[in-house]
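Before any comments, here is the structure.
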Amino acid sequence: MFKNHTCNRIAGICLLLTSFLLVGFAQEADFVVSPDGEYTSIQAAIDVAITGDIIEVQSGIYEENVDVNKSITLRGADTGSWKPVVDAKGNGTAITISTSGAVLENFCVVNAGKYPDAGIKVTSDKNVISNCNVWNNGHWGIYLKGADENLVTGCLISTNGDDGILVYSSNENVFRYNIISNNGDDGIQLLESDQNSLVSNSADVNMDSGIFLDQSQINLVRGNAITNNMFGIRLLNSSTEGVGPNLFVNNTQDARAES
1 MFKNHTCNRI AGICLLLTSF LLVGFAQEAD FVVSPDGEYT SIQAAIDVAI TGDIIEVQSG
61 IYEENVDVNK SITLRGADTG SWKPVVDAKG NGTAITISTS GAVLENFCVV NAGKYPDAGI
121 KVTSDKNVIS NCNVWNNGHW GIYLKGADEN LVTGCLISTN GDDGILVYSS NENVFRYNII
181 SNNGDDGIQL LESDQNSLVS NSADVNMDSG IFLDQSQINL VRGNAITNNM FGIRLLNSST
241 EGVGPNLFVN NTQDARAES
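Under the working numbering, the first residue of the sequence shown is numbered 1, with each subsequent residue one higher.
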């Protein structure tokens, strides 16, 4: 009964957040950011936006640290030279989502600093991160800290210095259709995080585990392709409830449980 309730709740979160994202696509932007436009800084547009606004960021490289501190849609647009790039230049977190109910879609996020920085850091609830490339960040690619009921979908998370995704003290989040590869530690790590859903992701060629559950309970880990890692799935003081089936190929050890 509890498992069914959890799965139904996760499905409801997915439907709600996906609907929110699709509504954003159908609306025109309230602000446009471009290298030669009225707004040349993403943060400058955020600072004048209000709740519910849509900011379209056109192709270009934006060397800044962005704080999404309002419930807005921040939407990247390929206007001829690929999706916009947020480049932290090795200093701090590239994009922080510090308020609930925001949408971040279609960005490339690179060159965040080392610990404790991340390409994208989320400290709030019920946000959507979609279709982002999170590459070459000094420590984590995506980091959720005390963040619940978020959706991360369709992202490519690669060549980050530590975990591709770290989920710490964060519950009931959904990660699906992401490709997490070539990261310096784990592909996805759940640390003290419960009732999250990891479904239909690919975790490939990560230095330690494809997926690592550490002191995390009742998480749905199903339908993932886990290939070419040291450990496919590693569990430390974590429940196996909801784990499997998954596809394992060419890991040194497909599954390992420790206490």
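Glycine included, every Cβ here is placed at the ideal spot set by N, Cα and C.
{"query": "Using CA atoms only, rank isn't needed, just tell me which of Asn106, Asp117 and Val66 is closest to glycine 90.", "result": "Asp117"}
{"query": "Tell me which same chain residues have a C-beta within less than 6 Å of the C-beta of arginine 222, skipping the five on either side of it?", "result": "Val199"}
{"query": "Among Leu151, Gly37 and Gly187, which has the Cα closest to the Cα of isoleucine 97?", "result": "Leu151"}
{"query": "DSSP beta-bridge partners for serine 59?", "result": "In the DSSP output, where bridge partners are listed per residue, serine 59 has none listed."}
{"query": "Would you tell me roughly how many angstroms separate the C-alpha atoms of alanine 225 and leucine 247, rounded to the nearest one?", "result": "5 Å"}
{"query": "Hey, quick one: how far does the alpha helix (DSSP H) through valine 48 stretch, first residue to last?", "result": "42 to 48"}
{"query": "Can you tell which of Asp47, Thr51, Ile142 and Gly60 has its C-alpha closest to the C-alpha of asparagine 183?", "result": "Ile142"}
{"query": "Taking the straight line between their C-alpha atoms, what separation do you get for alanine 77 and asparagine 237?", "result": "43 Å"}
{"query": "Below 8 Å CB to CB, which residues in the same chain sit around alanine 29 once its five sequence neighbours on both sides are set aside?", "result": "Ile54, Ile55, Glu56 and Arg75"}
{"query": "Looking only at DSSP bridge pairs, what is serine 181 linked to?", "result": "Ser158 and Asp204"}
{"query": "Please return the same chain residues whose Cβ sits closer than 6 Å to the Cβ of glutamine 253, not counting the five positions on each side in sequence.", "result": "Phe231"}
{"query": "Do the region 127 to 136 and the region 103 to 111 make contact, defined as three or more Cβ pairs closer than 8 Å?", "result": "yes"}
{"query": "Got a sec? Which residues, its chain only, sit under 7 Å from glutamate 192 by beta carbon, not counting five neighbours each side?", "result": "Tyr168, Ser169, Gln215 and Ser216"}
{"query": "Please report the residue range of the beta strand (DSSP E) in which threonine 73 lies.", "result": "73 to 77"}
{"query": "Go through its chain and collect everything with a Cβ distance to glutamate 149's Cβ below 6 Å, but skip five positions before and after it.", "result": "Ile13, Asp125, Lys126 and Glu172"}
{"query": "Helix, strand or coil for tyrosine 115 per DSSP?", "result": "coil"}
{"query": "Please go through the same chain and pick out, in chain order, the residues whose beta-carbon is closer than 8 Å to the beta-carbon of serine 280, but skip the five residues on each side of it.", "result": "In the structure displayed, the chain extends from 1 to 259; residue 280 sits before or after that span and is not available."}
{"query": "Can you tell me the Cα-Cα spacing of threonine 40 and alanine 94, whole angstroms?", "result": "16 Å"}
{"query": "With 16 as the cutoff for other CB atoms within 10 Å, does isoleucine 61 come out buried or exposed?", "result": "exposed"}
{"query": "Compare the C-alpha of threonine 123 against each of Leu144, Gly138, Gly161 and Asn136 and name the closest.", "result": "Leu144"}
{"query": "Spatial neighbours of aspartate 87 within its chain, please: CB distance less than 6 Å, with the 5 preceding and 5 following residues excluded, ordered by chain position.", "result": "Ile61, Glu63, Val110 and Asn111"}
{"query": "Would you tell me roughly how many angstroms separate the C-alpha atoms of glutamine 195 and threonine 227, rounded to the nearest one?", "result": "24 Å"}
{"query": "Going by Cα to Cα distance, which pick from Phe107, Cys155, Val174 and Gly187 is closest to aspartate 162?", "result": "Gly187"}
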